Amino acid sequence: MVAVMAEVVRSRTVAAIADSDFVTLTFDERKPHTVCNYRCLLATIGHCTRDVIPSTGWVNQSDSPMNEPSLGHEGIVGAWCTAVPSLEDLDEDYSLRICDACLALDEVVAAVRNLHKDAHGQVDEQAARNALDKVTSVAVDGAPSMLKTVAYMQRSCPRLVLRWRDAAHAVRLAMQKACQSEPMLAEVRHVLFEKDGGLVPQLKFSNEWKLKLRAISNVVSGNQKLFTQIAWSAVRFDESETLRLFCQMLLPVALLLAGQASDKRISPKLRGLAARTLESMNTDFVVSLGLFADLTHETQRLLRIFDSDWHDPAISRRCLANVRKRVHSLFLEGRILQEGPGLEDTCTCRVVKAALQCGPIYYMDKVHYLWTSRTGRDKYMRGLQGVGQVVEVILERLEAEFPADSLEMAFSCFDVRAAYEASQGSSWQLYEAKVVSQVHRLLREGLRERDCEDTRKTGRFFVSALVQLMPRSKRQAGSSKPSTQSRLNTQLRMQGREDNRALFQVASSWPDATPMFRRLTSFYRWGPQLYKGQLRQQTPADARAAGVCI
85 MVAVMAEVVR
95 SRTVAAIADS
105 DFVTLTFDER
115 KPHTVCNYRC
125 LLATIGHCTR
135 DVIPSTGWVN
145 QSDSPMNEPS
155 LGHEGIVGAW
165 CTAVPSLEDL
175 DEDYSLRICD
185 ACLALDEVVA
195 AVRNLHKDAH
205 GQVDEQAARN
215 ALDKVTSVAV
225 DGAPSMLKTV
235 AYMQRSCPRL
245 VLRWRDAAHA
255 VRLAMQKACQ
265 SEPMLAEVRH
275 VLFEKDGGLV
285 PQLKFSNEWK
295 LKLRAISNVV
305 SGNQKLFTQI
315 AWSAVRFDES
325 ETLRLFCQML
335 LPVALLLAGQ
345 ASDKRISPKL
355 RGLAARTLES
365 MNTDFVVSLG
375 LFADLTHETQ
385 RLLRIFDSDW
395 HDPAISRRCL
405 ANVRKRVHSL
415 FLEGRILQEG
425 PGLEDTCTCR
435 VVKAALQCGP
445 IYYMDKVHYL
455 WTSRTGRDKY
465 MRGLQGVGQV
475 VEVILERLEA
485 EFPADSLEMA
495 FSCFDVRAAY
505 EASQGSSWQL
515 YEAKVVSQVH
525 RLLREGLRER
535 DCEDTRKTGR
545 FFVSALVQLM
555 PRSKRQAGSS
565 KPSTQSRLNT
575 QLRMQGREDN
585 RALFQVASSW
595 PDATPMFRRL
605 TSFYRWGPQL
615 YKGQLRQQTP
625 ADARAAGVCI
């Protein structure tokens, strides 16, 4: 029975890959193993027979607004051990060693051939070769050596043109390294999140501290449930929400620490910990806490854009530009404390207000102030200057991680909103020339098309399609738009979202669309797949459960 089930899954997977045009591979190192996953996107279900639909597939409704859902399929290609067998192998280049495990030993090729082996042990060599030919993009985790490994894969995958790195991992590293280099921000993280003696672990794992904080919060702010949202993980640098909560809980937490430091019934160790933590919560700490919370919140916005199941590469450039503009305005131009109608209340504003309103805190024989008006302004300016340096480092790191001249960023030509914003100003002609250049590059480097009259015609049609896809009230007078796209645009606006893939799916169905435009649109919709969060959860044990030999 197990053999029959495995054969059914294998045959459906092979049929799904054969029916697709573009395949993405993802690699993730889980020492001592390397796990390889795949994702392929099919034609519409209406064009497939029921036998072709894989049992482990998934339907992405957002890419099929015309009631014709599209089917995707994903799973494990294989997993293999990359442990170093001898001391001599340590002298080899790490990327070459990984490449040897993947290519020289034909692990990937062997896994694909094994996938195309029927119940009688016969391998369909042509189908296996076609499957490798359909690989257009490969996504890897944060290891730089894996990017070199992907470059070697072009020997077996001739259509491989896109090499993605885990964008969410890159954003997280850019934030983490920069913040750890700033002493004031590092001190805040040490006080709150240190594994031994940090305030957050103490509040998370101590029922006594939880109950006391709940009682104090009820008296001070009438909120008894705020502390239940405190989260902490020693291995993740993702604490923006906890920092924002602490900005709201500054006074209750300070009173809790004062009470713990004065309570002679508890152990001297905990009393000393509470006293030291309270003493560290001075003006420098308050300023750094607010700035740290706002900075992590802004970077987490960018991280959440990339850390999604179905990221649209067309919006990457615009999202990065928006984040750069916002953090530059807040931290480098010093607008973090601006208040007024229509302006978002920042964590820095809230925590500074709370510290200013807080009176003296008496504990044991001491008096503690969260904010000293005599030095408050100078310390705020010093903290803002330090965070400004961190922001500059983060922006430089993001620029290096996402170069503007990369092929992946060329997909921004599909961003309808960016085109609309450009059409409202005086830079439309420059933007039009930029779009045409990006289209020609995608055709030349992505689809391996030669420069000819068809590519130039496709570039002109692409620009006209962008104009047609803009909202009716914003387009030039006299331009026409197909009724199907009109219904789609209305539907997307009612749902409060944008879907460039769905819009260009409709544009590719227009009668005057060129064949090269249709192929380019298909490449955009199905080809570039970023490193997917759920695929990172695959382990060697999952490979064994799926029947993949290690």
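Oh and the sequence shown: position 290 is 374 in the working numbering, straight run, nothing missing.
The C-beta atom is built at its ideal place from N, Cα and C for all residues, glycine as well.
Predicted model only: the values in this text are computed from it and were never measured.
- Query: Mind checking L421: buried by the 16 CB within 10 Å criterion, or exposed?
  - Reply: exposed
Inset, instruction - Identify whether N291 lies in helix, strand or coil by the three-state DSSP scheme. - result: helix
Just reading off the beta strand (DSSP E) that V222 is part of, what are its end residues?
V219 to V224
*Reducing DSSP to helix, strand and coil, say where R577 ends up.*
Unreliable placement is indicated for R577, whose pLDDT of 47 sits below 50; no coordinate value is reported for it.
- prompt: Got a sec, what are the start and stop residues for the alpha helix (DSSP H) W512 sits in?
  reply: W512 to R525
Pair within 9 Å by beta-carbon distance, V222 and R247: yes
*Identify the continuous beta strand (DSSP E) that holds I445 and give its terminal residues.*
I445 to Y447
* Per DSSP, Y122 is paired with what? -> L109 and G159
Next item on the list: Would you mind reading off the limits of the beta strand (DSSP E) that contains V451?
Entry: K450 to H452
Taking only the alpha-carbon atoms, compute the straight-line gap between Q513 and P116 and give it to the nearest angstrom. Approximately 53 Å, taken between the alpha carbons.
> Using a Cβ-Cβ cut-off of 7 Å (strictly less than) and excluding sequence neighbours within five positions of N584, which residues of its own chain qualify?
Replying inline: D396, A398, F498, D499 and V500
For F289, count neighbouring Cβ atoms within 10 angstroms of its own Cβ and tell me buried if that reaches 16, exposed if not. exposed
- For the beta strand (DSSP E) holding R247, just list the boundary residues, first then last. L246 to R249
State buried or exposed for A488, treating a residue as buried only when at least 16 other CB atoms are found within 10 Å of its CB.
exposed
Review point. Can you tell me whether DSSP reads H395 as helix, strand or coil?
Key: coil
**Study point:** Whole-angstrom C-beta distance between L375 and A439, which should lie under 8 Å
**Key:** About 13 Å; that fails the 8 Å criterion.
Within a Cβ cutoff of 6 Å, which residues of the same chain sit near V337, ignoring the five residues on either side of it in sequence? none
**Prompt:** Which partner residues does C442 have in the DSSP bridge list?
**Reply:** For C442, which the question treats as bridged, DSSP gives no partner whatsoever.
- Message: Does the structure place the region 476-496 close enough to the region 253-270 that three or more beta carbon pairs sit under 8 Å?
- Response: yes
Checking contacts by CB at 9 Å: is Q332 closer than that to chain C? Going by chain labels, chain C is absent from the structure shown, which holds only one protein chain.
| message | So, under 8 Å CB-CB, A377 and C331 are touching, yes? Tell me the CB distance rounded to an integer number of Å. | response | Contact holds; Cβ gap of about 5 Å.
task = Use the C-beta contact count for Y446: other C-beta atoms within 10 angstroms, 16 or more gives buried, fewer gives exposed.
result = Y446 comes out exposed.
For F546, the first and last residue of its enclosing alpha helix (DSSP H)
Its alpha helix (DSSP H) spans residues E537 to L553.
inquiry  = Let me check understanding here. Comparing Cα to Cα, which of N406, T459 and V192 lies closest to V234?
reply    = V192
ask   = Rounded to the nearest angstrom, how far is the Cβ of L526 from that of L604, given a contact under 8 Å?
value = Cβ-Cβ separation between L526 and L604: approximately 6 Å, consistent with a contact (criterion under 8 Å).
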